[in-house]
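Okay, structure first, notes after.
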Amino acid sequence: MAKKILIVDDEVEIVGIMKFRLNSWGYEAISAQSGAEALEVLKTVKPDLMILDVMMPGMSGFDVLKNIKAKDDLKNIPVIMVTVASSRTEIERGLKTGAAYYFTKPYDATELLAKIKSILGESK
Amino acid sequence: MSADRDKLNQYIYFKWFVIGVTAAAVLIELAVGITDPLNVLALFSMLAAFSLTSLTALFLAKRNISPRYLSGIMLSVDLSLTIIAMYLSGGPESTWNNYPVFFIFMAGYIFSLSAAMLTSAFSVGAMALMFMLEYLSVLPHFWVFASRNDYWKAPQYMIDYLIGLAILFFSGAVMSGVLNRIVQTNQVRTENSLRESESARLDLEKSRQALLSIMEDLDRGREDLEKKVKERTLELFEAKSGLEKKVMERTDDLESSRKAVLHMMKDLKEDMLRLQEVDTLKSDFVSTVSHELRTPLTVIKEGVNLVLEQVVGPTNAQQQECLTMVIRNIERLTKLISNVLDISKIEAGKMDLQKQKVDVKALLENLAASFGPVYVKKSLKLEVQVEDSPLAYADSDKIVEVLVNLVNNAYKFTEKGGVVISARKIKNFVEIGVRDTGAGIPPEELPRMFQKFAQVGDLYVRHSGGTGLGLYISRNLVEAMGGIIKVESKLGQGTKFTFTLPMFGEDGKEGMNGKEDTDSR
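Each protein sequence line maps, in turn, to chains A and B.
Sequential numbering of the first sequence, starting at 3, is according to our numbering.
Sequential numbering of the second sequence, starting at 293, is according to our numbering.
Written as structure tokens, this is what we have:
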């Protein structure tokens, strides 16, 4: 069974391009375009990994992260935060809130793959 | 004077006493029958004679004749009368023979011991003469009174008698002298005590006067004091009024100052709010721009990569070459955007540095390790030389950013040889250097190296990846961390960039500011 990865980002094209990527790596990519939508999806589907954009209108990535970490059935899902600004405070905040890793856009595909693999416990 | 007067009076009183007693005694004798009327008559004649002298003396005393003088006269007269009476009453057999002792005593009392002695001597002498004359029958012997013994004929009797009389008289004289002395002493004592009491009275009077004057002085002093107190009270009151007025003035001043300060504070608060708004706007701007630029770039990069990696279908060699160029420029654009965003952050003051203890040696070794492969590919050496294991107090990510920029530049401009990354301690800061064996930089270009879009002829910008902003950003980062960056170069030999960072001190913070130290060099 292919591992499920949930992409949460308000930019449609980012989502689209990432889906191409992830599928090419053999993962099943599902998406949500807002924090609220993501939480809805999470009610029915439990992904093995989440890629979460920070800068989103409405509920920000941090809010979603906090929300997830508060729920028993969701808090163990590893989360990779993605954002444009590489502000240290943001990174620290993210990691403190419980993110497993942190990326800036544009991301390096090779690095991303390596990180996903290590988080999911797969060999390189 | 009055003493003499007193004595005269006493003498006269005494005589009255004696006269009275004798008269009484004689009358009693007559009554009893011891004596005869002839004796009585003779006796009373004597008494009358004595009374006469007293009265005369009294009469003359009223006429202001000296009492002392009168006493003397009376004494003499009385004594003479007594002696005559003695003679007439039988001489040695007379009973009057003792009587001179009274006058002797009086003489001593009124006058002096010498007078008494004199009187005694006179009396004894007179009587002795009388007896002798009688014995020799020169004077006839009279006996008026009863006793008719013949003692006047017996010399031994008369001598004994005379001796006895002498003893009596002189004793009387002595006693009168003693009495006189006593009286005198008393008088003197009385006079002395009178004098003393008088002088005491004078002293008392003086003391009283002195006391009065002291009291006057005290009163005056008191008045002065009261006056002074009044003056002082008035002064104090005026001072108090003055002070009160001053206090009110100051309070008013303070109040207006306070109001001014409050006003200022309100202005300041408004300014602060405005600044905060601007600040927020800046942050928002930077992140918004960042987001807006990077999002499309991500899509572009990933899209092209997907095609290039043949994930979405096969591609031929030409397509691959074309797309590779695209990828390269996407990366260049990405870097430029990063740099521009960094600069805008720096200039907006939004570059946040996390200063901490940095192990410089470890940092340099890690960096060298990541650059290693690329250097090997170009057959260039990459060395790390670190002395003393220095510790810096700075932001390690920013140090890496600076070094990446410098090591990348060194890589680009070096065709043979290699690059040495060094670090050492100098005074209170850490000096990091990147030296290459490249072509070098012309001296005229050196001053502009750290400016925006600095170009070294065509070389600098043309080499791929250069944005012209790397050194400008590096300089800002180094200076923000408290250091200084500089460059030395020799054409044909190579270039060395060095920058300093504050050293990590024992108190957990930076030792001395690296900037200050290099200034002094």
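Built from N, CA and C at the ideal position, the CB exists for glycine as well.
TODO: On the DSSP bridge assignment, give the partners of GLN677 of chain B in chain order.
DONE: B:SER714
Task: THR587 of chain B beta carbon less than 8 Å from that of GLU94 of chain A - done: no
TODO: Determine the closest residue to ASN356 of chain B out of B:ASP296, B:VAL666, B:THR626 and B:LYS778, with distance taken between C-alpha atoms.
DONE: B:ASP296
Open item on the list: I want to see whether chain A comes within less than 8 Å of GLU693 of chain B, judged by CB atoms only; does it?
Closed with: Taking CB atoms only, GLU693 of chain B has no neighbour in chain A less than 8 Å away.
- [ ] Assuming ILE19 of chain A and ILE53 of chain A form a contact by the criterion Cβ under 8 Å, report the distance between their Cβ atoms to the nearest whole angstrom.
- [x] About 12 Å separates the two Cβ atoms, so there is no contact after all.
Task: Neighbour-count burial assignment, TRP308 of chain B, 16 or more Cβ in a 10 Å radius - done: exposed
Open item on the list: Suppose you measure from the CA of ASN720 of chain B to the CA of LEU535 of chain B; what does that come to, to the nearest Å?
Closed with: Approximately 59 Å, taken between the alpha carbons.
Open item on the list: Checking the sheet assignment: what are the DSSP bridge partners for TYR104 of chain A?
Closed with: Its beta-bridge partners are A:MET83.
Open item on the list: List, in chain order, every chain B residue whose beta-carbon is nearer than 7 Å to that of ARG95 of chain A.
Closed with: Result: empty, since nearest Cβ-Cβ is about 13 Å, beyond 7 Å.
Open item on the list: Taking 7 Å as the limit between beta carbons, can you name the residues of its chain near LEU425 of chain B, skipping five residues before and five after?
Closed with: LEU431
TODO: Report the residue from B:ASP644, B:GLU675 and B:GLU707 whose alpha carbon sits nearest the alpha carbon of SER688 of chain B.
DONE: Residue nearest to SER688 of chain B within the set B:ASP644, B:GLU675 and B:GLU707 is B:ASP644 (criterion: CA-CA distance).
TODO: Could you tell me if PHE64 of chain A is buried or exposed, where buried requires 16 or more neighbouring beta carbons within 10 angstroms of its beta carbon?
DONE: buried
Task: Distance between beta carbons of ALA38 of chain A and GLY57 of chain A, contact taken as under 8 Å - done: Strictly speaking, residue 57 of chain A in this sequence is Met, with Gly absent from that position. Incorrect: roughly 16 Å between the Cβ atoms, too far for contact.
- [ ] Report, in whole angstroms, the separation of the C-beta atoms of ASN597 of chain B and ALA111 of chain A, which I expect to be a contact under 8 Å.
- [x] 6 Å
- [ ] Check the Cβ-Cβ distances between PHE64 of chain A and every residue of chain B, and say whether any is below 8 Å.
- [x] no
- [ ] Answer yes or no: does any C-beta atom of chain B fall closer than 8 Å to that of TYR104 of chain A?
- [x] no
Open item on the list: Suppose contacts are defined by Cβ-Cβ distances below 8 Å. Is ALA408 of chain B in contact with SER468 of chain B by that definition?
Closed with: Contact: yes.
- [ ] Starting from LYS593 of chain B, find everything on chain A with Cβ-Cβ shorter than 7 Å and list it in chain order.
- [x] Simply PRO108.
Open item on the list: So, under 8 Å CB-CB, ILE396 of chain B and PHE336 of chain B are touching, yes? Tell me the CB distance rounded to an integer number of Å.
Closed with: Between PHE336 of chain B and ILE396 of chain B the Cβ distance is about 25 Å, and since that is not below 8 Å, they are no contact.
Open item on the list: For the ligand NAD, is there any heavy atom lying closer than 7 Å to the beta carbon of GLU639 of chain B?
Closed with: Absent from the structure shown: the ligand NAD. Ligands present: none.
Task: Spatial distance of VAL581 of chain B from ASN768 of chain B (CA atoms) - done: 21 Å
TODO: Could you run through the stretch 46-62 of chain A and flag, in chain order, every residue whose CB is less than 7 Å away from some CB of chain B?
DONE: MET57
Task: DSSP beta-bridge partners of GLN648 of chain B - done: B:ALA686
Open item on the list: 8 Å is my cut-off, CB to CB: does HIS555 of chain B come that close to chain A?
Closed with: no
Open item on the list: Classify ILE506 of chain B: buried if its beta carbon has 16 or more other beta carbons within 10 angstroms, exposed otherwise.
Closed with: exposed
Task: C-alpha distance - THR482 of chain B paired with ARG493 of chain B, whole-angstrom precision - done: The straight-line gap from Cα to Cα measures roughly 16 Å.
Task: Helix, strand or coil at ILE191 of chain A [DSSP, three-state] - done: Lying before the first or after the last residue shown, residue 191 of chain A is absent from chain A, which here runs from 3 to 126.
Task: Same chain only: Cβ atoms within 7 Å of LYS782 of chain B, ignoring 5 sequence neighbours per side - done: GLY732.
TODO: Closer than 7 Å, Cβ to Cβ, to anything on chain A: give me those residues from the stretch 597-623 of chain B, in chain order.
DONE: ASN597, LEU598, VAL603 and VAL604
Open item on the list: Below 8 Å, how does it come out for the stretch 703-711 of chain B and the stretch 671-679 of chain B: are there three or more Cβ pairs, yes or no?
Closed with: Touching, per the Cβ criterion.
TODO: Measure from the alpha carbon of SER294 of chain B to the alpha carbon of each residue in B:GLU547, B:ARG360 and B:GLU488, then state which is nearest.
DONE: B:ARG360
Open item on the list: PHE791 of chain B and ILE724 of chain B - do their beta-carbons sit closer together than 8 Å?
Closed with: yes
Task: Contact belief for THR616 of chain B with LEU600 of chain B at Cβ below 8 Å, rounded distance in angstroms - done: 7 Å
Open item on the list: Using 8 Å for Cβ pairs, my map puts ILE32 of chain A next to LEU51 of chain A. What's the rounded Cβ distance?
Closed with: That pair is no contact at about 11 Å.
TODO: Check each residue of the stretch 644-670 of chain B: if its Cβ is closer than 8 Å to any Cβ of chain A, include it; give the result in chain order.
DONE: For the stretch 644-670 of chain B, which is checked against every Cβ of chain A, the residues closer than 8 Å are ASP644 and GLN646.
- [ ] Starting from PHE403 of chain B, trace the beta strand (DSSP E) both ways and give me its first and last residue.
- [x] Segment: none, PHE403 of chain B is in no beta strand (DSSP E) and carries neither H nor E.
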